[in-house]
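A quick write-up on the structure given underneath.
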Amino acid sequence: MIKNDLFLRALNNEPVSRPPVWMMRQAGRYLPEFRAIRDKYDFFTRCRTPELAAEITVQPIRIVQPDAAILFSDILVVPQAMGITVEMKENQGPWLPNPIRSAQDVEKVFVPDVNETLGYVYDAIKLTKQMLNDEVPLIGFAGSPWTIFCYCVEGKGSKSFDTAKGFCFSQPEAAHALLQKITDTTIEYLKGKVAAGVNAVQIFDSWGGMLSPVDYQEFSWQYINQIVEALSPMTKVIVFGKGCWFALNEMGKSKASALGVDWTCSARNARYLSGGKITLQGNFDPSRLLSPIPTIKKMVHQMIDEFGKDNYIVNLGHGILPNIPVDHAKAFIDAVKEWN
Numbered sequence: 001m002i003k004n005d006l007f008l009r010a011l012n013n014e015p016v017s018r019p020p021v022w023m024m025r026q027a028g029r030y031l032p033e034f035r036a037i038r039d040k041y042d043f044f045t046r047c048r049t050p051e052l053a054a055e056i057t058v059q060p061i062r063i064v065q066p067d068a069a070i071l072f073s074d075i076l077v078v079p080q081a082m083g084i085t086v087e088m089k090e091n092q093g094p095w096l097p098n099p100i101r102s103a104q105d106v107e108k109v110f111v112p113d114v115n116e117t118l119g120y121v122y123d124a125i126k127l128t129k130q131m132l133n134d135e136v137p138l139i140g141f142a143g144s145p146w147t148i149f150c151y152c153v154e155g156k157g158s159k160s161f162d163t164a165k166g167f168c169f170s171q172p173e174a175a176h177a178l179l180q181k182i183t184d185t186t187i188e189y190l191k192g193k194v195a196a197g198v199n200a201v202q203i204f205d206s207w208g209g210m211l212s213p214v215d216y217q218e219f220s221w222q223y224i225n226q227i228v229e230a231l232s233p234m235t236k237v238i239v240f241g242k243g244c245w246f247a248l249n250e251m252g253k254s255k256a257s258a259l260g261v262d263w264t265c266s267a268r269n270a271r272y273l274s275g276g277k278i279t280l281q282g283n284f285d286p287s288r289l290l291s292p293i294p295t296i297k298k299m300v301h302q303m304i305d306e307f308g309k310d311n312y313i314v315n316l317g318h319g320i321l322p323n324i325p326v327d328h329a330k331a332f333i334d335a336v337k338e339w340n
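Numbering follows UniProt numbering, in which position 278 of the sequence shown is assigned residue number 278; successive positions increment by one, without gaps.
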């Protein structure tokens, strides 16, 4: 039994004394302990070494003490497993030297045996579960098919992903074929995570907001929903689409257990658009953690009052920034624990 099960109870729509809290990217660059490991090992070595991934995952549980852990990994281990070369360049981010630009390129991409290609992730989950010792739940995650697709076609990060969008609109058959391959891989990957011991999964649609509402249905949501349908009988599924407030109504009708919202969507609008019953997660602006600590605490209490204590998970509206002082991150967590 998980000792602190607030997070799981919120996903179950059960009443709680206070909402649970965790932070996207909480295992990361704002922690000196993380930077010490980063200085010794390159990015994908950290992802592929279970002992390192597990240690990085539990660091924030010891230091800032949120109500859930999220496995340290990266969404781009999925395309790597599918035969697509992905590198991580310092101060630049993901770099794919051979981006996918044609139907022939799509044909070369394969749906792998996830146990062979991603077994190191499952080993990291088992080790992390031992280290957590049932103190808090462990979250597994994957990128949405559309978000993975964006990197595969663009070849790098982008402010607009025009090349990826152009591929969808000029070669829709090839685009859908690639999206389906990513979806099929992701379903098997997440099923493996559940089998290895994660207590819930989150799908990150970081670039969903790049699409119009109509295009979102065609190129993103239908694939996310395949994952939700496949995983919901096994575990709780959280869907987070950055900039995707327009899809909250559709998402709220799905089998997802919770929906993440970013800071551009108010609590009131999120409740209204999602139908008012589903658990919501978010939506503190990560930059706001640079505010003075008393301001952070006041804003967190106001945010909880607006969302309500039940059917709500306190989180940021996107990942924590690397320049956030640790005591400000801890103040964010502590503010939730102090709320009444």
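Ideal placement from N, C-alpha and C gives every residue a C-beta, glycine not left out. Being a predicted model, the structure only gives us computed values, none of them experimental.
Q: Look at the Cβ atom of residue 137, then the Cβ atom of residue 8, and state whether they are nearer than 8 Å.
A: For the purposes of this step, residue 137 is identified with residue 137 of the sequence shown, where counting begins at 1. For the purposes of this step, residue 8 is identified with residue 8 of the sequence shown, where counting begins at 1. Closer than 8 Å, so yes.
Q | Residues that DSSP places opposite residue 283 in a beta bridge | A | To locate residue 283, count along the sequence shown from 1; it is residue 283. Note: residue 283 sits in a beta bridge opposite 315.
(Q) Assuming residue 267 and residue 303 are in contact, meaning their beta carbons sit under 8 Å apart, how far apart are those beta carbons, in whole angstroms? (A) Translated into the one-based positions of the sequence shown, residue 267 becomes position 267. Translated into the one-based positions of the sequence shown, residue 303 becomes position 303. Confirmed, about 7 Å.
Q: Let me know the secondary structure DSSP gives residue 166 once reduced to three states.
A: The residue labelled residue 166 in the question sits at position 166 within the sequence shown. In this structure, residue 166 counts as helix in the three-state DSSP scheme.
Q | Residue burial classification, residue 40 (beta-carbon count within 10 angstroms, cutoff 16) | A | Residue mapping note: residue 40 aligns to position 40 of the sequence shown, counting from 1. Per the 10 Å Cβ criterion, exposed.
Q: Can you give me the Cβ contacts of residue 232 inside the same chain, cut-off strictly under 6 Å, excluding the 5 residues immediately before and after it?
A: Residue 232 sits at position 232 when you count from the first residue of the sequence shown. Hits under 6 Å: 255.
Q.
In this structure, how does DSSP classify residue 247 when only helix, strand and coil are distinguished?
A. Your numbering for residue 247 matches position 247 in the sequence shown. Correct three-state label for residue 247: helix.
Q | Residue from 135, 73, 275 and 299 with nearest C-alpha to residue 336 | A | Numbered from 1 along the sequence shown, position 336 holds the residue referred to as residue 336. For residue 336, the nearest C-alpha among the options comes from 299.
Q. Hey, which unbroken runs of the alpha helix (DSSP H) at 4 residues or more fall wholly within the region 51-86?
A. 77-81
Q.
Our contact map puts residue 145 next to residue 186 with C-beta atoms below 8 Å; I'd like the distance itself, whole angstroms only.
A. Numbered from 1 along the sequence shown, position 145 holds the residue referred to as residue 145. Numbered from 1 along the sequence shown, position 186 holds the residue referred to as residue 186. Yes, residue 145 and residue 186 are in contact; Cβ-Cβ is about 6 Å, under 8 Å.
Q.
Could you give the first and the last residue of the continuous beta strand (DSSP E) run that contains residue 139?
A. As a working note, residue 139 is residue 139 in the sequence shown. Start and end: 138-143.
Q: Express the C-alpha separation of residue 179 and residue 18 in angstroms, rounding to a whole number.
A: Against the sequence shown, residue 18 aligns to sequence position 18. Against the sequence shown, residue 179 aligns to sequence position 179. One C-alpha to the other measures close to 39 Å.
(Q) Please state whether the Cβ-Cβ distance between residue 24 and residue 227 is less than 8 Å. (A) Counting from one through the sequence shown, the residue named residue 24 turns up at place 24. Counting from one through the sequence shown, the residue named residue 227 turns up at place 227. In this structure, residue 227 does not lie closer than 8 Å to residue 24 by Cβ.
Q | Start and end residues, alpha helix (DSSP H) containing residue 320 | A | To locate residue 320, count along the sequence shown from 1; it is residue 320. Where residue 320 is concerned, there is no enclosing alpha helix (DSSP H), given that its DSSP letter is neither H nor E.
Q | One or two residues paired with residue 200 in a DSSP bridge | A | Against the sequence shown, residue 200 aligns to sequence position 200. Partner(s): 139 and 236.
Q.
Here's the rule I'm using: 16 or more other beta-carbon atoms within 10 Å means buried, otherwise exposed. How should residue 341 be labelled?
A. The structure shown has nothing for residue 341, since the chain only spans 1 to 340.
Q: Please determine if the region 115-131 and the region 52-69 are in contact, where contact requires at least 3 C-beta pairs separated by less than 8 Å.
A: yes
Q) Which partner residues of residue 21 appear in the DSSP bridge assignment? A) For the purposes of this step, residue 21 is taken as the residue at position 21 of the sequence shown. Paired residues: 314.
**Q.** Range covered by the alpha helix (DSSP H) that runs through residue 294
**A.** Your numbering for residue 294 matches position 294 in the sequence shown. Residues 293-307.
(Q) Just to confirm, is the Cβ distance from residue 95 to residue 107 under 8 Å? (A) In the sequence shown, counting from the first residue as 1, residue 95 sits at position 95. In the sequence shown, counting from the first residue as 1, residue 107 sits at position 107. No; because the gap between Cβ atoms is not below 8 Å, this pair is not in contact.
**Q.** Residue from 296, 73, 20 and 247 whose Cα sits closest to the Cα of residue 272
**A.** The residue labelled residue 272 in the question sits at position 272 within the sequence shown. Residue 247 is the option with its Cα nearest to residue 272.
Q) Run through DSSP, which three-state label would residue 262 get? A) Mapped onto the sequence shown, residue 262 falls at position 262. It is coil, neither helix nor strand.
(Q) Would residue 209 and residue 166 qualify as a contact pair, given that the criterion is a beta-carbon distance under 8 Å? (A) In the sequence shown, the residue the question calls residue 209 occupies position 209. In the sequence shown, the residue the question calls residue 166 occupies position 166. Result no, Cβ atoms of residue 209 and residue 166 do not sit closer than 8 Å.
**Q.** C-alpha gap between residue 274 and residue 162, whole angstroms
**A.** Along the sequence shown, read from residue 1 onward, the residue named residue 274 stands at position 274. Along the sequence shown, read from residue 1 onward, the residue named residue 162 stands at position 162. Distance between the alpha carbons of residue 274 and residue 162: 29 Å.
Q.
Excluding the 5 residues flanking residue 326 on each side, which residues of the same chain have their C-beta closer than 8 Å to its C-beta?
A. Within the sequence shown, residue 326 is the residue found at index 326, counting from 1. So the qualifying residues of the chain are 30, 31, 32, 63 and 64.
Q: Classify residue 3 as buried or exposed, calling it buried when 16 or more other Cβ atoms lie within 10 Å of its own Cβ.
A: Within the sequence shown, residue 3 is the residue found at index 3, counting from 1. Exposed.
Q. Would you say residue 69 and residue 61 are within 8 Å of each other, going by their C-beta atoms?
A. Position 69 of the sequence shown, counting from 1, holds the residue named residue 69. Position 61 of the sequence shown, counting from 1, holds the residue named residue 61. Yes, the Cβ-Cβ distance between residue 69 and residue 61 is below 8 Å.
Q.
Alpha carbons only, please: which of 280, 334 and 261 is nearest the one belonging to residue 318?
A. As a first step, residue 318 is located in the sequence shown; it is residue number 318 there, counting from the start. Comparing Cα positions, the closest option is 261.
(Q) How far does the alpha helix (DSSP H) with residue 213 in it extend, from its first residue to its last? (A) Mapped onto the sequence shown, residue 213 falls at position 213. Looking at the DSSP string, the run of the alpha helix (DSSP H) that includes residue 213 is 213-216.
**Q.** Simplified DSSP state of residue 210, which is helix, strand or coil
**A.** One-based indexing of the sequence shown puts residue 210 at position 210. DSSP places residue 210 in helix when its eight states are reduced to three.
Q. Between which two residues does the beta strand (DSSP E) harbouring residue 94 extend?
A. Mapped onto the sequence shown, residue 94 falls at position 94. Looking at the DSSP string, the run of the beta strand (DSSP E) that includes residue 94 is 93-95.
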